[in-house]
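Comments concern the structure below.
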Amino acid sequence: MASKVLYSLRDPVSKKRDDFEDILEERRNSSDLRYALKCYTPAVYRNLVPCTASMLKNLVLESDALRYVINQVSVESGESPETVQEEASQVLEEMAHRLQLSTIRFFALTLSKAFKALYRSVRVNEEGVQRLQQAIQEHPVVLLPSHRSYMDFLMMSYLLFTYDLALPVIAAGMDFMSMKFVGEMLRMSGAFFIRRSFGGDKLYWAVFSEYVKTMLRNGYAPVEFFLEGTRSRTAKSLTPKTGLLNIVMEPFFKGEVFDVNLVPVSISYERILEESLYARELLGVPKPKESTSGLLKARRILSEDFGTMHVYFGAPVSVRSLAQGHISRSQYNLVPRHVPQRPVADTQAFVNDVAFRLVRLQEENMVLKPWALISTLLLQNPDGVELSALTQQADWLRHLALSFGAFLDWPDGEPCSKVISSSLTIHRNLARVSEGRVRLVVPEASGAELSAEEAEFHRAVSVLSCASYRNQSLHVFVRPALLAVAMQTANSNRRDELYKSFNILRNIFSNEFILCPGASVQDFEEACYLLVKCGAVQELKQEVVMSSSGQTTLSFLCSLLEPFLHGYQVVCRCLCEDPQEDLPEKNFVPAVRNFALQLILAGSLRYYEALSSDLQKNALAALIRLNAVKQLKTGDRVLLKIDKMAVNSLEDALGGNIPTQKPVLARL
Amino acid sequence: MASNTDVSERQRSARQRLRIIAGHLQKSEGNEHTALSAQECKAETPRSNAAKVTAVPKRRQEIMKWNGWGYSDSRFLFNKKGQAEFTGKRYRLSGLILPSLKDWFEGTFGANLQHKSPATASLNVSAVPPPTLNELFVEELKAAGVALSTGPEDRVFRSHGHCLHEVFALREGRIGRIPDLVVWPNCHDDVVKIVELACKHNVCLIPYGGGTSVSSALECPPEETRSIVSLDTSQMNRILWIDEKNLTAHVEAGIIGQDLERQLNESGYCTGHEPDSMEFSSLGGWVATRASGMKKNIYGNIEDLVVHIKMVTPRGVIEKSCQGPRMSTGPDIHHFILGSEGTLGVVTEVTMKIRPVPEYQKYGSIVFPNFQQGVACLREVAKQRCAPASIRLMDNEQFQFGHALKPQVSSIFTSFLDGLKKFYITKFKGFDPHHLCVATLLFEGDREKVLQHEKQVYDIAAKFGGLAAGEDNGQRGYMLTFVIAYLRDLGMDYYVIGESFETSVPWDRVLDLCRNVKERIVRECKERGVQFPPLSTCRVTQTYDVGACVYFYFAFNYRGLSDPIHVYEQVEHTAREEILANGGSLSHHHGVGKLRKEWMRETVSSVGLGMLKSIKDYVDPNNIFGNRNLL
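Line order of the protein sequences matches chains H and V.
Going left to right, the first sequence walks through residues 1 to 668 as full-length UniProt numbering numbers them.
Going left to right, the second sequence walks through residues 1 to 631 as full-length UniProt numbering numbers them.
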C-alpha cells in the first residue's frame, strides 16, 4: 500500500544534488568572537506562539493530555493526583531543555576553534539551508540528521546559528546527563533528555510526548532527533525507530497543525572521531561511560586531521503529502484528542514506511570520499594489494559507484594515484604502503608477547575500523549485490526464480541494511536496472543473464556481501551446535563471539565481521523475525528458544556450509 | 378572535416589528409590486387569514433575475466613476455609494475594473429544449384544474438553485436538462391529486419552494428519461390558522420566509426562524433541508419549531394524529421528513411554534485582538448558556470585507469619530489590524432583560480581551449575509467566482478546522494555477452546547484558467475533505443534495445509509420523487 507511492522506481543517478560551500573558510579569515556575538535574528514559524522555556513547562503540565493521564495513573496506582502531578513535574524537570542564546554563543566560539582544528573544511549545501529557512516559516519543522558521531548535534546547532535559522531543540539520550557540567551545557544549548527505555511508564510517555508535541504545535523551535535512535557504530544506517516520529506526526493526524515538514539531514565524515572506539565497542569492550574527564582526555584528538565533513540538508518532506490517501484523519473524530490512542495498524505501517523512506533519503545524500571505495578494496584483499593494482581497481570502482548513483566526492582532474595517496595520508592509522603493497595496519602490541586470541583481537579492531568506511558505501551497492548473490545461488536465470532468491536474501538481511518494508519488487527492479545499466547483466524476456563482461562486477558485488553471508551463517551454526535448547539472551553475544573466534583461530573463517556484536544482534533479530528463534521472558531473564530445524534451513539458504574457498573470492 | 383594542395594539407592535426586520433586511415595507394570487383553492380548506400580498409572484421572471441572485432591480455595480453602488430601493444599502469596495475588491482578488466578464443579457428562449410531456398526465391535470405551464422561462427558473456552477452556466447562457412542466398546486388536496397522477403515469416530480438551494438539489438528473415535473409550492402560501392558546400557527408549506414573518407580525407574532435566505426560501424547503435560523438560540432550529407536518407521498399522506409537544412513540416520524430533501414527498402543511414579537431588539459588536480569543469567548458564552439571539464571529478577512461595505459617511463628524475609534483600538489598545476580528450580536426580548443580557455578554468578552465596538458594526455584519449573494454576481462580472459552504464542529476543533480549511483552500488554488491568492475566510455563525457552526466564504479571480468552474469544484471538494478530516460535519444546514452525496456513507455509516434507502424504497418504490438527492 503506502510503499507504492513512497518508493517509486527512479534512476538514482538522475537525482540532482546541490553544491557545497565551506563554512570554515570564513571562520579562518575573520574573528570568531565577533562571529559568536553576531546579531542573531532567525526567521520563525509564521504562526509562532511566543513562549519561554519555563512557560513551556507550564503549558505541558496544564495540558488536557497530561492531566488525563495523571488522573488515570492516580486511579490505577492509588496515589493522589497531586503526588502523580508532582512526579510528572519532576520528570519534566529532568527532561526539559533550557535553551539560552548565551550558551549557544559560547559554543559558537569554542566549536569554531575546535572545528578549525579538526576539519579541513565543513561543507554545507546552502540551497538546502535556504529551503529549510522557507520550511521553518511555513510549518513546524522536524530535523532528522543521520547519526554517526557525537559531533552531529553540536554541528547541527552550530550550523543553524551560523545561517541565522531558528535553533532546534534536540532529543538526546539520558547518558549525557551523567556528564556533570557538559550535560547542563547541552541542556542550555537546546538538548532535552529522554531515558533510553521507558516502555511501560505511562506517565513518562505522556510527559515526553506532550512536551514534544507542544513545542511542535506552537512552532516553538524545530524539533531535532535521530531516527536511528543512537550513533551507528558501523557507519551503516540503523533500522529507524518510529516512536518519536509517530509523536511528531500526530499533531498533523489530529488536525492540530496544517502540516509538518520533515527534513532529512545527511552528515558525512571523511574520518570519524570515534573510529577505533566503535570497533572496540563492537568487539565487546564496553562503551566508556560519558564523563567530562573522558572528554578532556579526548583533547589530544584536536591535533589530528579528520579531513572534510559534509552536511547536506535534504528537501523538506511534507507529512501531509505523504499521508494523502494513506491515513484517514477522520479516525480521530470520535475520541477527544487529548485521550491517548494507540495508533492503529495502518498508521503504524505508514509511520514505519515513512521512517525507512527518510533514512534512505539520508543515505542517498551521504557524501562518499574515495576512502570509502579504497577501504572496500583493501578489505577484499586481506593480504594487501599492489599499489598499482589498487589504483586501477579504485578507478574501476569509482565508475561503478557513480553509475549506481553514489554521491561521490572525488577530486576532479587529479590522477587516481594521487587521490589514493592523499586518502592514505588521512587514514594512515588504518592502512599503509610498505614494499609497494598497501595493507591494513595492525597496531603493534607493546610489551609482553600476545596470545593468539589477543593478536586476532588486535587485527579485528583494525578490520572493523576499516569496515566502517566500506560500510559508508554499502547503501549504493546493496540492492545489486543482493541480486548478484541471488544469481549465484539460484538454479536458474528465470526472472521469477531470481526474484525468489533475491527476496529470501533481502528478507534475511532486512535488519542489516535499510531495505524498505514491502518494497521488494521495487528493490528487485532497481537492482536489475542498475546491473543492466553498468553492463553486468542482460535482461532477456523471462531471464536475467550475466553478460560476457559482467563477471568482474558480479564477483565484486558478491564479495561485498560475503562477510555478512558468512557472519550470519556463523551465528546460525553457533545456535545449531549449542547443546542446549534454550540460550539466555545475555549469553548470546559472548557465545557467538567465542564460537567465531575459534573458527578464526582454526583458519576456517576469515571475516572478522562475525565478531561484531552489531552483526550478531542483527542476525538474531532476523532469526526472531523469521520465527526461527523465540524469546521467552521469565521474570528478568530472557531465554532464546531455538528452533534448530528452522535455523538450519536459514543457514542453507545463506549458502550452506561455510566454504573454505569459493571461486568468486579469487576475484579482480 | 381578538377584540378591537387587541387588534390595534397588535398592529402597533406589528409595525414596530416590521421596522426591525427592515433594519437588517429591507429598506421599506410594503412593496406593492406583486401580483395577487387570486385563485381560490377548490378544496374546502378553512381560511382564517385571506391570502396576503406575496413578495415573490407566481411568474418569478417579473421581478427576479434569471441568471443571478434576488430581485432584478437590486444589484451591485461599479459606476462610471469606478465607485461601487447598490441599485434599487429595497435594502438599506440601496442607492448608496460604497467608496471602499473597489479598492478592497481589486486588492483582494487582483481584479481590475477594465477586465469584465459580463453575463448573457437575456434568456435565449430558442435555446431552451422543448418539453417532453406525458400527454395523459397533462390532460388529467388540466381536467383536475391544476395550474400549469410549459413556458421556457417558467421551466428555466425552476431548473436550478444557486450553486456557483448553476449560476455560472446561466450567465453563459448554457441550459441543461430542465423540467418539462411546472405545476402550481393551490392547496394540500391539489398536491394529493398531482402525486396520484404522477404515480399513475410514472412522471418524475421535483418539489420547488424558494429556489435558494446550494446543494445542487434542484438540478434535474441528466439521466432521467421520464417527463420531469417541477411542483412549485409557491401558491400554497396561506397561514391557515393561529392558535394563541398553544402559540402555534398552521401554515401552508409554500409560504416564503419574509411573507410568513410579515403576516405573523401583523398578528403580533413571529416564528423567529430567520435563515439568511429568508427573503426567498420557503417553509417546506426549511423542513426538507433541516434549515437553521440566525436566531436559533432563542427560537430553535426548524426541527425544534415544527409541531406537526403533513407530507404527501406516493404511499399516501403522512402525519401525526395529535399535536402533543413531545411523544415517545418510536422513532419520530418527523425526522424521516426533516432533511429528506424532496426525495420522499411534498410537505404541504406545517404547524409551527410562534412567539409574541419581542419588545426590544439591539445589535452589538465586540472587537477581539485575534480569532483565537474570539472563539474562546464564544465558547464561554455557550458554556454559560447566555448566547444572545445571534452571535457571530468574523475572522480578520471577513471583518475587512465587511468594512469595505461601509457606505459613504454623511458628515465629517462621523468620519472623525470612525477615525478616533480606529485609533483607540489599534494604537491605544494595541490591536493588530491584520489580526483583530469582530463578533456581531443581536439581542432580543424585553428591554430590561436585553440590557442585562448585554452586560453579561460584554463582561465575558472583556475577559477575553474583547472591546465593545458599537451597534453599527453589528448591524453591518448582518447586512453582509443578506447582500453576499448580490456581491457574488458583481464578482462574476469581473472574473471573480466564489461560494460559501458550512459545517458544524465540536468546540475543541473549531480553531484547527478553520485554520486548516482556509489554508487548504489557498494551497489548492495555488496548485491548480489560480493566479492570485483566493479570498478564504470564515466565521463562526452559531454556538451550541457542544460545538459551533462555521461558515466559509471562498472566492478567487479566474483570469487565465480555462475551466474555472472545474477548478472551483475541485477546490471545494478538497475543502470538504479537509473539513471531514478535521472532525467537521458534512453539513450544518445547507443539506446534502447531489453536491455532497458521495460522502453520505462515510457520514452516516453503511447501515445508516441502508436505513434511509429502505425508507425511500417503501415510501416511493417507483422513484416518483426522482431528484436523486441525498442517497
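Where a beta carbon is used, it is the ideal one built from N, C-alpha and C, also for glycine.
H/M188 has its alpha-carbon roughly 15 Å from the corresponding atom of H/E224.
Contact check between the stretch 404-417 of chain H and the stretch 545-557 of chain H: fewer than three CB pairs, one atom from each, fall below 8 Å, which does not count as touching. In the structure shown, H/L530 adopts helical secondary structure according to DSSP, grouped into three states. In the structure shown, V/H201 adopts helical secondary structure according to DSSP, grouped into three states. C-alpha of H/L282 to C-alpha of H/L515: approximately 23 Å in a straight line.
Between V/P57 and V/V183, the alpha-carbon positions lie close to 14 Å from each other. In the pairwise beta carbon analysis, the stretch 203-212 of chain V is classified as not touching the stretch 112-128 of chain V: fewer than three pairs are separated by under 8 Å. For H/Y568, same chain residues with a beta-carbon under 6 Å away, outside a window of 5 residues either side, are A619 and L654 in chain order. For a Cβ distance threshold of 8 Å, nothing in chain V lies close to H/F350: the least Cβ distance comes to about 15 Å.
For a cut-off of 8 Å, the C-beta gap from V/F137 to V/L197 is around 6 Å, short enough to register as a contact.
If you draw a straight line from the Cα of V/M278 to the Cα of V/R488, it is about 18 Å long. According to the DSSP assignment, H/S266 belongs to the beta strand (DSSP E) that extends over N261 to Y269. CA-CA distance, V/R326 to V/K320, rounds to 11 Å. For V/A376, the closest Cβ of chain H is not nearer than 7 Å.
The stretch 300-313 of chain H makes contact with the stretch 261-275 of chain H; the number of CB pairs closer than 8 Å reaches 3 or more. If you draw a straight line from the Cα of V/N622 to the Cα of V/N265, it is about 42 Å long. Judged by DSSP secondary structure, V/N557 falls within the beta strand (DSSP E) whose first and last residues are G547 to N557. Contact with chain H is absent for V/A198, since none of that chain's Cβ atoms lies less than 7 Å from the residue's Cβ.
Under the three-state reduction of DSSP output, H/E454 falls in the helix class. Not a single C-beta of chain H is nearer than 7 Å to the C-beta of V/G430. For the stretch 492-516 of chain V, the beta-carbon criterion of a distance under 9 Å to any beta-carbon of chain H is satisfied by P506, D508, R509, D512, L513, R515 and N516. Less than 7 Å divides the Cβ of V/N370 from the Cβ of V/H435. Take the alpha-carbon of H/L227 and the one of H/F115: they are about 25 Å apart.
Judged by their CB atoms, V/A389 and V/E349 are not nearer to each other than the 7 Å cut-off. Here DSSP, grouped into helix, strand and coil, assigns V/C322 to coil.
Under the Cβ distance rule, V/L580 counts among the residues neighbouring chain H, one pair being separated by less than 7 Å. Here H/M309 is actually not in contact with H/E275; their C-beta atoms are around 14 Å apart, not less than 8 Å. Between V/E598 and chain H, the shortest Cβ-Cβ separation is not below 7 Å.
DSSP places V/Q114 in the coil class of the three-state scheme, outside both helix and strand.
Distances from the alpha-carbon of H/V485 to those of H/H566, H/A221 and H/D64 put H/H566 closest.
Close CB contacts of V/Y618 within its chain, under the 8 Å cut and outside five residues either way in sequence, are with R315 (chain order).
Against chain H, the beta carbon of V/G547 has no neighbour under 9 Å; the closest one sits roughly 12 Å away. Chain-order list of chain H residues neighbouring V/G465: empty, with the shortest C-beta distance near 15 Å, by a criterion of under 7 Å. Between H/I420 and H/T391, the gap from beta carbon to beta carbon is short of 7 Å.
Taking 7 Å as the CB threshold, H/N333 lines the interface with chain V.
Counting only the Cα atoms, H/S649 lies some 16 Å from H/K641.
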